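The structure under discussion appears below in the form of structure tokens.
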Amino acid sequence: MRYILALALVFVVTACSGTAAKTVTPQEVVTAIQAAGLTANNPRVMEPKDYGFGPALCKGMRIDLPSEVVFNVTMKHAAEVFVCDDPQDMAKLKKWYDDLGKMSGLLAQYTYVKGPVLLVVDGQIGKEAADKNGAAIP
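The sequence shown begins at 218 in our numbering and counts up one residue at a time.
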């Protein structure tokens, strides 16, 4: 009887342990955006200066999106990819970006969340283009 109980215990522990959920990295999100046929140029790990006035709560990468020329001025667009270990940190960061857009239309950002990933896309590229990037989050 002990052997059956021990065997059952081993089976339960083995079945429950499985494989841990793989944590996605910012680079994997960038690769997924590129794989979807979207522009994500010059990916780089965010440094303190890249966070600007925003809270540096999560690991991030910054990517360049397609630029556009308006009245002979090149308008550069970018996005930030964050992977947050703490859901509360993600909520704070998302709120910060959402509130920033409420202060001024020029500061508006589109934010997308999937699992531990927060994607922040320059609001000036338009909702349709931003939504395509958001849909590419793995």
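By construction, the Cβ of each residue, glycine as well, lies at the ideal position given by its N, Cα and C atoms.
It should be emphasised that the depicted structure is a prediction, and the values quoted were computed from it without experimental measurement.
Locate the alpha helix (DSSP H) running through Leu-310, then write down its first and last residues.
Numbered from 1 along the sequence shown, position 93 holds the residue referred to as residue 310. Here the alpha helix (DSSP H) through Leu-310 covers 304-320.
With DSSP run on the structure shown, which of helix, strand or coil describes Thr-248?
In the sequence shown, residue 248 corresponds to position 31, counting from 1. It is helical.
Where Asp-267 and Gln-341 are concerned, what is the direct C-alpha to C-alpha distance, given to the nearest angstrom?
For the purposes of this step, residue 267 is identified with residue 50 of the sequence shown, where counting begins at 1. For the purposes of this step, residue 341 is identified with residue 124 of the sequence shown, where counting begins at 1. C-alpha separation (whole angstroms): 18 Å.
What residue does the beta strand (DSSP E) around Lys-266 start on, and which one ends it?
In the sequence shown, the residue the question calls residue 266 occupies position 49. Looking at the DSSP string, Lys-266 is not in any beta strand (DSSP E), and its letter there is neither H nor E.
Which same chain residues, not among the five before or five after Leu-255, have their C-beta less than 7 Å away from its C-beta?
Along the sequence shown, read from residue 1 onward, the residue named residue 255 stands at position 38. Taken in chain order, the residues that qualify are Lys-349, Asn-350 and Ala-353.
Consult DSSP for Leu-335 and reduce its assignment to one of helix, strand or coil.
The sequence position of residue 335 within the sequence shown is 118, counting from 1. Leu-335 falls in the strand class under three-state DSSP.
Apply the 10 Å Cβ neighbour rule to Met-278 and answer buried if 16 or more other Cβ atoms are within range, or exposed otherwise.
Residue mapping note: residue 278 aligns to position 61 of the sequence shown, counting from 1. Flag for Met-278 reads buried.
Taking all protein chains shown into account, do 16 or more other C-beta atoms lie within 10 angstroms of the C-beta of Ala-296, making it buried, or fewer, making it exposed?
Numbered from 1 along the sequence shown, position 79 holds the residue referred to as residue 296. Buried: at least 16 other Cβ atoms inside 10 Å.
Could you say if the stretch 237-252 and the stretch 325-337 meet the contact criterion of at least three C-beta pairs nearer than 8 Å?
Yes, since at least three Cβ pairs between the stretch 237-252 and the stretch 325-337 fall closer than 8 Å, the two stretches touch.
Any heavy atom of the ligand FAD within a distance shorter than 7 Å of the CB on Ala-273?
With respect to the ligand FAD, the structure offers nothing, as it holds no ligand at all.
Verify whether the separation of the beta carbon atoms of Leu-282 and His-294 is less than 8 Å.
Numbered from 1 along the sequence shown, position 65 holds the residue referred to as residue 282. Numbered from 1 along the sequence shown, position 77 holds the residue referred to as residue 294. Yes. Within cutoff.
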